[in-house]
Amino acid sequence: MKVFVTSDIHGRFNVLNKIIEFVKERQDIDCIILCGDITGDHVFSYFYELEDKQYEDYKIIKDKLQQLNRKVLFIQGNHDVFTVDKSDITYLPYCKTESFNNFIAIEYVNFLMYGTKREGNEQDMICRLSKLNIDNKSIIISHLPPYKCLDKANNGVYYGSGAIRDMIKEKKPAYFFCGHVHDSFGFKKLHNTFVFNAACNKITTRGWVVNLETAKYEKVIL
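Per our numbering, the very first residue in the sequence shown carries number 82; after that it's consecutive.
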């Protein structure tokens, strides 16, 4: 299986359109993976207004990607507060397709922002990770990177999770795809795990094409 992984489009439909045009031209791509922060931040006075505006973003994004006739998987990031449709099997936690059984979503973040159920601290992260059935064949789709691995922002701060880094050291999943830190797009190998930060930024649309069978990968800048 060959996947195109990207992240942090933040409701920028010009970015989404570039991704769609790229995938249309690449018949070898089987699946598109979005590692969170897919909807816009928007100006709002009340939280429900943000939820409603993001839900409209989500519907547009879903409709556009469905036109590609490729498999799509996404997770939510710390900026995504919209409610996912219960019937949406492109949302990885709702995906029951057998060929994707080894794909595992990690949507938790180790800080508080909106007070969602996906927020907490490092101790919460340790607890949540312990409940996941991760092994060396697992393909992790996460929003947050591991600590000190593709998580350094331009201000010099590392925004990744130590709990995630410890999990990778112990479980050694095959692949770890993430985003969140827009300044650390890149690839590294961490304890035999292939780690990709696929975050777009405000200027550049980008991602990775990865062959999950051969571990060959290609950087994509659009």
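Even glycine gets a Cβ: it sits at the ideal position worked out from N, Cα and C.
Quick caveat, the model's predicted, so the values are computed rather than measured.
On the three-state DSSP scale, how would you describe residue i?
{"i": "R151", "result": "coil"}
{"i": "L78", "result": "Nothing in the structure corresponds to residue 78, since the chain is present only between 82 and 303."}
{"i": "A244", "result": "helix"}
{"i": "F163", "result": "coil"}
{"i": "F125", "result": "coil"}
{"i": "P227", "result": "strand"}
{"i": "K52", "result": "For residue 52 there is no data in the structure shown, the boundaries of the chain being 82 and 303."}
{"i": "Y172", "result": "strand"}
{"i": "Q108", "result": "coil"}
{"i": "E294", "result": "coil"}
Which one or two residues does DSSP pair with residue i in a beta bridge?
{"i": "K270", "result": "F275"}
{"i": "A186", "result": "I222"}
{"i": "V301", "result": "G288"}
{"i": "A280", "result": "S88"}
{"i": "C259", "result": "N278"}
{"i": "E200", "result": "V190"}
{"i": "L115", "result": "T87 and F155"}
{"i": "Y239", "result": "K233"}
Count the other CB atoms within 10 Å of the CB of residue i; is the residue buried (16 or more) or exposed (fewer)?
{"i": "I156", "result": "buried"}
{"i": "T87", "result": "buried"}
{"i": "K134", "result": "buried"}
{"i": "D122", "result": "exposed"}
{"i": "I185", "result": "buried"}
{"i": "L193", "result": "exposed"}
{"i": "V104", "result": "buried"}
{"i": "N217", "result": "exposed"}
{"i": "V190", "result": "buried"}
{"i": "D161", "result": "buried"}
{"i": "E251", "result": "exposed"}
{"i": "A244", "result": "buried"}
Going by beta-carbon coordinates alone, are residue i and residue j separated by less than 7 Å?
{"i": "R151", "j": "I113", "result": "yes"}
{"i": "Y228", "j": "R246", "result": "yes"}
{"i": "P254", "j": "S219", "result": "yes"}
{"i": "D89", "j": "G260", "result": "yes"}
{"i": "D111", "j": "K83", "result": "yes"}
{"i": "D109", "j": "H91", "result": "no"}
I'd like to confirm something about residue i: is its beta-carbon nearer than 6 Å to some heavy atom of the ligand SAH, or not?
{"i": "V262", "result": "No copy of the ligand SAH appears in this structure; indeed no ligand is present at all."}
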